[in-house]
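Worksheet for the structure shown next.
2 protein chains.
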Amino acid sequence: MANPVLVEVTRGNRVESRHRGSVIVVDAEGGTLFEIGDADRPVFPRSCIKAIQALPLVESGAADAFGLGDAELALACASHSGEPAHVAGAADMLARAGLDESALECGTHWPGNQEAMLELARSGGAPSQLHNNCSGKHAGFLCTCNHLGLAHRGYVDYSHRYQAMLRGAMEEVTGAIHDEGNVGVDGCAIPTYAIPLRALALGFARMGSGIGLGVERMKAARRLLSACMAQPFHMSGTGTMDVALMEAGEGRIFAKTGAEAVYVAALPSLGLGVAVKCDDGGTRASETIVAEVLAGLFSGDHALSARLRDLARPAVKNRNGAAVGQVRPTGALAAVAT
Amino acid sequence: MANPVLVEVTRGNRVESRHRGSVIVVDAEGGTLFEIGDADRPVFPRSCIKAIQALPLVESGAADAFGLGDAELALACASHSGEPAHVAGAADMLARAGLDESALECGTHWPGNQEAMLELARSGGAPSQLHNNCSGKHAGFLCTCNHLGLAHRGYVDYSHRYQAMLRGAMEEVTGAIHDEGNVGVDGCAIPTYAIPLRALALGFARMGSGIGLGVERMKAARRLLSACMAQPFHMSGTGTMDVALMEAGEGRIFAKTGAEAVYVAALPSLGLGVAVKCDDGGTRASETIVAEVLAGLFSGDHALSARLRDLARPAVKNRNGAAVGQVRPTGALAAVAT
């Protein structure tokens, strides 16, 4: 059965485009608070899961050994936009482990932030692997490998010891199997594993609450999510939905987008995890869905809820800057509320 | 009822994202050759309809008065990528009418072609309205206004005399009403009118065949479509699907994309028109749909059909350039064939 239409994009007084998807909100015991569409269909979490992938960086002691603070830990969980502070931060993390850009295996692309891309071009520069939106995550991987004495070459490959460590963390936190049966290759060359949306939400309910994790893992999860919420720019970039949600939440919302329109949130104060997948991979839709669901979950805080509802309804503008339409949630999302 | 899934995006051996949509192929009498999904739902044609909007440029005599050749006529039908030849071409068209960039009302944005954007930044430049992907269309509008002695200021507004001329052309060619009841504002500030996908396909069957148009309109349509097929770069840009389809077709395929995943094609040798809308606005899907449908319609030409099927199945690559998935049509499109 088709997932329901969760987001409409209007132009004038008509709907121009429609996005279908699924969303689930669970507590850390797996109890379902809200569910729409097929939450059991496996999805690739892509970059949504970076905070879970950063657990070994903290748990291994590498983060402390290399003196990583909130900004660096946020960068290790980041899909950053390639702004100068991100690039410098990733280079600094590598330098602390005695490495440089040449150790990265994530590939190169121009910064996702347009102004950063233009500035790099104006200065006569070209992108390096440090500009890759995943360079902070990879720098964290490399810090951990070096701290543990693992030869880092090939760290992106399924068969590398470090990827087995990551599978272990992801399996424990989400409760889902990660193996050759559900693996694909992510944009930054590491494996990504298709897991049920329900398991992804459960993973972030656990990450936010610590429930169901061991003491060390609970502490590591709290430290990573707190770092991201304290330094959202380092976990994302200028003008992104991740930053807007985490700034609005003031410590109550951890939110992370992923390619192909996956979105997760952990809400420590509510003990809940949220996972969203827009069927068609349209990021504008996953952004609207997560913001609207969070608005419902925080309906008891009128100011926060109103801010989140605004974020769920961005204007569509023409090239002269005039509002000519809107991205907006459909009534299918209206049922969510605590 | 939901439109069917027409395109899947894979990663590894799984489907990661799915695109629904509708497509219709008609002849110039409105006979339906192939139809899937809801072809009666109104859609905004957006830039798909630029060749119809360029009819007054030719019919008024403005194109001849200003000595416009194939490249300029293609540019008048273009969503160009802001490459230097496009910018120079639009400036030249305006100059022939005694105007310059200040007459444009389309707004400014950086070139859509990344290399053109980077080169502009490297040279210390900034985009002007000439870089707007619609500047050639607007330059054509301004040439026509000046040739006809119409004051051009406000030419983008619904109430301007020139927009009434465009409505007249679009109504006659598509057979659909264009008025306040179905108007929205396009990205370049001019009105766009939601019409049934069926009417859009009929319009391009007529544009390609001339059937159902008066003699002057038939000649103008043929001249414009021939110009686009002869100079596809000027109608689009480096590396685009429009160019790939028209180069493959060698005069048998006119193809034009539009924002929010609308696509049209006119096939003069077959007397057919094609219109596609991907529900969610995802352009990768409308590109795959139109290429696959054209492959079916040209199944009698094995080389052309094979080339079109390749275009319908681009690889998804990671940042290291490795193929990690594919965009591909679903079996729902398999029924199309002559």
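Note that the protein sequences, when read in sequence, are chains A and B. So the first sequence is residues 1 to 338, counted in our numbering. So the second sequence is residues 339 to 676, counted in our numbering. Virtual Cβ for every residue (Gly too), placed ideally from N, Cα, C.
Open item on the list: Just to make sure I have the definition right: I need the residues of chain A whose C-beta is within less than 9 Å of the C-beta of ASP680(B). Which are they?
Closed with: Outside the modelled stretch of chain B, which goes from 339 to 676, sits residue 680(B), for which no answer is possible.
Open item on the list: Rounded to the nearest angstrom, what separates GLY237(A) and ASP408(B) at their Cα positions?
Closed with: 44 Å
Task: Own chain residues within Cβ distance below 6 Å of ASP279(A), not counting five before or after - done: ASN3, ARG20 and GLY21
Task: Integer Cβ distance of LYS256(A) from ALA51(A), believed to fall under 8 Å - done: 7 Å
Open item on the list: Once the 5 residues before and after GLY513(B) are set aside, which same chain residues still bring their CB inside 7 Å of it?
Closed with: Cβ within range, chain order: ALA537 and LEU540.
Open item on the list: Residues in the same chain with beta-carbon distance under 8 Å from SER60(A), minus the five sequence neighbours each way, listed in chain order, please.
Closed with: THR144, HIS147 and LEU148
Open item on the list: Whether or not the segment 560 to 579 of chain B and the segment 316 to 331 of chain A are in contact is what I'm after, with contact meaning three or more pairs of Cβ atoms, one per stretch, closer than 8 Å; do they touch?
Closed with: Segments in contact, no.
Task: LEU308(A) to THR240(A) span [Cα, whole Å] - done: 14 Å
Task: PHE372(B): contacting residues in chain A (beta-carbon distance under 9 Å) - done: By Cβ distance, chain A contributes nothing, its closest Cβ being about 22 Å from PHE372(B), past 9 Å.
TODO: With DSSP collapsed to three states, give me the class of GLU510(B).
DONE: Note: GLU510(B) maps to helix in three-state DSSP.
Open item on the list: Among PHE34(A), LEU94(A) and ARG41(A), whose alpha-carbon lies nearest the alpha-carbon of ALA62(A)?
Closed with: LEU94(A)
TODO: Would you list, in chain order, the members of the segment 16 to 45 of chain A that have their beta-carbon closer than 9 Å to a beta-carbon of chain B?
DONE: GLU16, SER17, ARG18, HIS19, ARG20, PRO42, VAL43 and PHE44
Task: Those residues which DSSP pairs with PRO196(A) across a bridge - done: Here PRO196(A) is bridged, per DSSP, to PRO42(A).
Open item on the list: Checking 8 Å against the spacing of the C-beta atoms, do LEU413(B) and HIS572(B) come in under that value?
Closed with: Contact: yes.
- [ ] Return the chain-ordered ranges of every alpha helix (DSSP H) run that is complete within the segment 180 to 226 of chain A and spans a minimum of 4 residues.
- [x] 197 to 209
TODO: Output, in chain order, the set of chain B residues within a Cβ distance shorter than 7 Å of CYS106(A).
DONE: ARG657
TODO: Would you mind reading off the limits of the beta strand (DSSP E) that contains ALA603(B)?
DONE: 600 to 605
TODO: Just the C-alpha distance for VAL511(B) and GLU373(B), rounded to the nearest angstrom, thanks.
DONE: 20 Å
Task: C-beta atoms of GLY208(A) and GLY273(A) nearer than 8 Å - done: yes
Task: Nearest candidate by alpha-carbon position, reference MET218(A), set ARG284(A), ALA54(A) and PHE298(A) - done: ALA54(A)
Task: Among LYS317(A), GLY136(A) and ASP310(A), nearest to PRO84(A) - alpha-carbon criterion - done: GLY136(A)
- [ ] Indicate whether ARG319(A) and CYS526(B) have their beta-carbon atoms separated by less than 8 Å.
- [x] yes
- [ ] Using a threshold of 8 Å, state whether the C-beta atoms of LEU99(A) and ILE289(A) are closer than that.
- [x] no
Open item on the list: Which same chain residues end up closer than 6 Å to THR676(B) when comparing Cβ atoms and leaving out the 5 residues on each side of it in sequence?
Closed with: Any reading at THR676(B) must be qualified, since the residue scores a pLDDT of 48, below 50, and its modelled position is unreliable; the value itself is stated next. Result list for THR676(B): LEU635, in chain order.
TODO: May I have the straight-line CA-CA distance separating ARG11(A) from SER299(A), to the nearest angstrom?
DONE: For ARG11(A) and SER299(A), the distance between alpha carbons rounds to 29 Å.
Task: Under 9 Å from the C-beta of ASP617(B): neighbouring residues of chain A - done: Per Cβ cutoff of 9 Å: VAL5, SER17, ARG18, HIS19, ARG20 and ASP280.
Task: Environment of THR530(B) [buried if 16+ CB atoms lie within 10 Å] - done: buried
Open item on the list: Does PHE141(A) come out as helix, strand or coil in the three-state DSSP assignment?
Closed with: helix
- [ ] State the Cα-Cα distance for the pair GLY492(B) and GLU287(A), rounded to the nearest angstrom.
- [x] Approximately 36 Å between the Cα atoms of the pair.
Open item on the list: On a Cα-Cα basis, can you pick out the residue from GLY107(A), MET246(A), GLN114(A) and MET170(A) that is closest to TRP448(B)?
Closed with: GLN114(A)
Open item on the list: Using the three-state DSSP reduction, which class does ILE374(B) fall into: helix, strand or coil?
Closed with: strand
- [ ] Check SER17(A) in the structure and name its three-state DSSP category.
- [x] strand
TODO: Quick one: grab the DSSP three-state call for CYS48(A).
DONE: helix
TODO: Would you kindly check if the distance between the Cβ of LEU245(A) and the Cβ of GLY140(A) is under 8 Å?
DONE: No, the Cβ-Cβ distance between GLY140(A) and LEU245(A) is not below 8 Å.
Task: Straight-line gap, ILE195(A) to HIS178(A) (C-alpha atoms, nearest Å) - done: Inter-residue distance for ILE195(A) and HIS178(A) is about 8 Å (C-alpha atoms, whole angstroms).
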